[in-house]
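Here this note's numbering is used: the first residue of the sequence shown is 5, the next is one more, and so on. Where is the CB? At the ideal position from N, CA and C, for every residue including glycine. Predicted, not measured: the structure shown is a model, and the values here were computed from it. Okay, so here's the structure we're looking at.
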Amino acid sequence: VAAPRFGSTQLSAWLASHPDVAIPPIKEPNFFSQHEFPESYVAEHHLSDVNVERYVATRSRKQMQFAIFRTEDQYNYLYDGLDTQYRLDASTTYLHCPEAAEAMLAFSPNAKVILLTRDPVSRALSHYRLAVRTGRCTRSLKEEIEAEACGETPLPGRFLLRQSRYDEALTRFRATFLSENLLEIAFEDMVKDPDATLARVAGFLGIEPDVF
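Structure follows, in structure tokens:
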């Protein structure tokens, strides 16, 4: 559970290298936050890397980053054939979605949640640079912040302020999941000492630490 630019892709890759952890072909299915993404907005902004209905219907296993899976059958399809102890959902939209934590708990009461955090200013700047580089953002940083602050930016497009303010989100996850099912990791610690981070993760999950 993270916001974009928190290091979830790197951590997911490390986790997926472990024999007890599997990642589905779509890293971010966004099932528990899909109600925040109107179909018209997704289509207009080309947010989904695949046509989910066609992807499931054709039994595709093509590896992609981001899509909006809207039904439980679609979501379960991603995990067909993954028989490891842990199966990963690394969507970066759950942290800030007010309903996601409780929906996740209801779906999987024994889920283990790894919460990633990062310095909010560094995160926002990193995300802005990425959005400019990929052509998703053409406004200045000041213009983008002002548009989001005044509510001009639609909810799915609020990628600077909303996703860098996460105190309430952390409180929500801490209140929803048992402490023994929750691990918090700072991006800065993860990049400074990956081995120590993976040792913490292995201890949290109860898996062998030396095979990442």
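Sheet register partners of residue i (DSSP bridge)
{"i": "glutamate 32", "result": "Phe70"}
{"i": "arginine 140", "result": "According to DSSP, arginine 140 bridges with nothing at all."}
{"i": "isoleucine 27", "result": "Beta-bridge pairing links isoleucine 27 to no other residue."}
{"i": "leucine 186", "result": "Val117"}
Residue i and residue j closer than 7 Å at C-beta
{"i": "serine 37", "j": "threonine 97", "result": "yes"}
{"i": "valine 54", "j": "glutamine 78", "result": "no"}
{"i": "phenylalanine 191", "j": "leucine 202", "result": "no"}
{"i": "cysteine 101", "j": "glutamate 172", "result": "no"}
{"i": "alanine 105", "j": "phenylalanine 177", "result": "yes"}
{"i": "proline 124", "j": "tyrosine 45", "result": "no"}
{"i": "phenylalanine 10", "j": "arginine 137", "result": "no"}
Nonlocal neighbours in the same chain, by C-beta distance under 6 Å from residue i, ignoring five residues either side
{"i": "phenylalanine 163", "result": "His131"}
{"i": "glutamate 152", "result": "Arg162, Leu164 and Leu165"}
{"i": "leucine 109", "result": "Thr180"}
{"i": "phenylalanine 111", "result": "none"}
{"i": "valine 195", "result": "none"}
{"i": "valine 290", "result": "Nothing about residue 290 can be reported from this structure: the residues present for the chain run from 5 to 216 only."}
{"i": "serine 168", "result": "Pro124, Arg127 and Ala128"}
{"i": "phenylalanine 35", "result": "Phe73 and Tyr79"}
Cβ shell of residue i (< 8 Å), same chain only, five flanking positions each side left out
{"i": "glutamate 82", "result": "The amino acid occupying residue 82 in the given sequence is leucine; glutamate does not appear at that position. Pro28, Pro29, Ile30, Pro33 and Phe73."}
{"i": "isoleucine 211", "result": "His22, Asp24, Val25, Gln89 and Tyr90"}
{"i": "alanine 200", "result": "Asp193"}
{"i": "proline 221", "result": "Coverage of the chain is limited to positions 5 through 216, which leaves residue 221 absent and any answer about it impossible."}
{"i": "isoleucine 189", "result": "Leu15, Ile118, Leu119, Leu120, Thr121, Thr201, Arg204 and Val205"}
Nearest-angstrom beta carbon gap, residue j and residue i [assumed within contact, 8 Å]
{"i": "leucine 119", "j": "leucine 186", "result": "7 Å"}
{"i": "lysine 66", "j": "phenylalanine 208", "result": "About 31 Å separates the two Cβ atoms, so there is no contact after all."}
{"i": "arginine 140", "j": "alanine 7", "result": "Incorrect: roughly 16 Å between the Cβ atoms, too far for contact."}
Cβ shell of residue i (< 7 Å), same chain only, five flanking positions each side left out
{"i": "proline 113", "result": "none"}
{"i": "serine 16", "result": "Ile27, Lys31, Leu92 and Ala94"}
Closer than 7 Å to chain C by CB, residue i
{"i": "cysteine 154", "result": "Absent from the structure is chain C; it holds one protein chain and no more."}
Problem - Completely contained beta strand (DSSP E) runs for the segment 78-164, where each covers 3 or more residues - result: 117-121, all fully within the segment 78-164.
Problem - alpha helix (DSSP H) segments (min. 4 residues) lying fully within the segment 40-65 - result: Counting only runs that start and end inside the segment 40-65, the alpha helix (DSSP H) elements of at least 4 residues fall at 43-48 and 56-61.
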